[in-house]
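Taking the numbering used here, I'd label the letters of the sequence shown as residues 34 to 346.
Even glycine gets a Cβ: it sits at the ideal position worked out from N, Cα and C.
Please read the structure below before turning to the comments.
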Amino acid sequence: MRVVFMGTPDFAVATLEAILVEGHEVAAVVTQPDRPKGRGKKLAYSPVKEAALRHGLHVIQPEKIRDPGVLLELSALQPDVIVVVAYGQILPEAILSLPKFGCLNVHASLLPAYRGAAPIHWAILNGETETGIAIMQMDAGMDTGPVLASERVSISETDTVGQLHDKLMHVGARLLTDVLAELESGVMPDPQMQDDNLATYAPRLDRAIERLDWTVSVTQIYNQVRGLNPWPGAYTTTQDGLMLKIWEARMTGIEVPDDAEPGLIIGQTDDGILVVTGDGVIEVLVVQPASRGKMSALSYARGYGLKVGDRLI
Numbered sequence: 034m035r036v037v038f039m040g041t042p043d044f045a046v047a048t049l050e051a052i053l054v055e056g057h058e059v060a061a062v063v064t065q066p067d068r069p070k071g072r073g074k075k076l077a078y079s080p081v082k083e084a085a086l087r088h089g090l091h092v093i094q095p096e097k098i099r100d101p102g103v104l105l106e107l108s109a110l111q112p113d114v115i116v117v118v119a120y121g122q123i124l125p126e127a128i129l130s131l132p133k134f135g136c137l138n139v140h141a142s143l144l145p146a147y148r149g150a151a152p153i154h155w156a157i158l159n160g161e162t163e164t165g166i167a168i169m170q171m172d173a174g175m176d177t178g179p180v181l182a183s184e185r186v187s188i189s190e191t192d193t194v195g196q197l198h199d200k201l202m203h204v205g206a207r208l209l210t211d212v213l214a215e216l217e218s219g220v221m222p223d224p225q226m227q228d229d230n231l232a233t234y235a236p237r238l239d240r241a242i243e244r245l246d247w248t249v250s251v252t253q254i255y256n257q258v259r260g261l262n263p264w265p266g267a268y269t270t271t272q273d274g275l276m277l278k279i280w281e282a283r284m285t286g287i288e289v290p291d292d293a294e295p296g297l298i299i300g301q302t303d304d305g306i307l308v309v310t311g312d313g314v315i316e317v318l319v320v321q322p323a324s325r326g327k328m329s330a331l332s333y334a335r336g337y338g339l340k341v342g343d344r345l346i
């Protein structure tokens, strides 16, 4: 099939690679413009652009996908299908209706659950034990189109966003190429309309979700830490006002001492420090102070003078 591929982050690269392996013709790759990155603010390619260039593919990088010139360029390519994986802009109706088989989206949830920009993060933040991939026929709504194929993926209680991302990335690539094979053979997958009454949402993450609130349950804090790892990271502050990111933690069965307030450090272990939460005690394992690398929580406590009786806020 003649494919136009639209995507930007690492998550999309596996699907692009799978499309090429299956022998489909990728007429062009559409990705976000190069953006400043790092301390030097040098322009950096998106992961999808880097992959496209490795394969000698034509790359299109519009600032606005609604630019009339983009539609003209895509029309001239005459794609059979447009595959969209975390592209980053909402497509206009003129593009959605352009290809013979429309626009197919690889979405990292079991729609209609977790419509929106951050389904992997929110699945872990909310303590889900299962999520999945949905291949959706795109329409004008936000992740509201009919689902052509889906596959469930379990979430272990230790999965981070990064680990679940990689699981879903490979499932999505395989499932999308299965759908393309069916379309190419003339067998249109049976579209399953979504029930809007069952819809839940996964909005973009904001700074507020990164801050730990020690008054909530130990389970909520544990899910927040792994649900923001490796990006953007959960953080707290010491009683001296120093910011401290927390990358790894572990729930414990330790009971909260009488009159111990949330955030209080009540002990140290061979691996970390013990912190009181709203209903239990969590073991903080890996942290990162501002402008420094990651380190064990125990090393941080020793090096920065964080001691039993101090509080995280």
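Expressed to the nearest angstrom, what Euclidean distance is found between the alpha-carbon atoms of residue 302 and residue 331? 8 Å
**Study point:** Reduced DSSP secondary structure (H/G/I, E/B, other) of residue 207
**Key:** helix
At which residue ranges does the segment 84-138 contain complete alpha helix (DSSP H) runs of 4 or more residues, listed in the order of the chain?
101-110, 126-129
**Unbroken beta strand (DSSP E) run spanning residue 187, endpoints** = 180-187
| said: Closest to residue 54 by C-alpha separation, out of 207, 270, 284, would be which residue? | reply: 207
| message | Please report the straight-line C-alpha distance between residue 196 and residue 131, rounded to a whole angstrom. | response | 36 Å
Following the continuous beta strand (DSSP E) through residue 152, name the residue where it begins and the one where it ends. From DSSP, residue 152 is part of no beta strand (DSSP E) but of the alpha helix (DSSP H) over 152-158.
Tell me whether the beta-carbon of residue 186 lies closer than 8 Å to the beta-carbon of residue 166. yes
Who are residue 140's beta bridge partners in DSSP? 167
Check: Nearest CA to the CA of residue 243: which residue from 221, 224, 267, 322?
Finding: 267
Tell me which residues share the same chain as residue 234 and place their Cβ nearer than 6 Å to its Cβ, disregarding the 5 neighbours each side in the sequence. 148, 149
**Asked** When burial is assigned at 16 or more other CB atoms within 10 Å of the CB, is residue 116 buried or exposed?
**Response** buried
Practice item. Look up residue 302 in the DSSP assignment and say whether it is helix, strand or coil. Key: coil
Subject >> the segment 40-47 in contact with the segment 73-81 per 3-pair CB rule at 8 Å >> reply: yes
Alpha carbon of residue 299 to alpha carbon of residue 205, nearest angstrom: 44 Å
Check your understanding: Is there contact between the segment 251-259 and the segment 269-277, where contact requires at least three CB pairs shorter than 8 Å?
Key -> no
My output table needs one value for residue 287: the three-state DSSP class, helix, strand or coil. coil
Hey, is residue 62's beta-carbon within less than 8 Å of any beta-carbon in chain C?
Absence of chain C from the displayed structure is noted, only one protein chain being present.
Below 6 Å CB to CB, which residues in the same chain sit around residue 65 once its five sequence neighbours on both sides are set aside? 41, 79, 121
- Task: Give the straight-line distance between the Cα atoms of residue 326 and residue 259, rounded to the nearest whole angstrom.
- Result: 18 Å
* In this structure, what does DSSP give as the bridge partners for residue 46? -> None, per the DSSP bridge assignment.
Residue environment, residue 98, which counts as buried when at least 16 other CB atoms sit within 10 Å:
buried
- Cα-Cα separation, residue 261 to residue 161: 14 Å
Note to self: Tell me which residues share the same chain as residue 92 and place their Cβ nearer than 6 Å to its Cβ, disregarding the 5 neighbours each side in the sequence.
What the structure shows: 62, 82, 85
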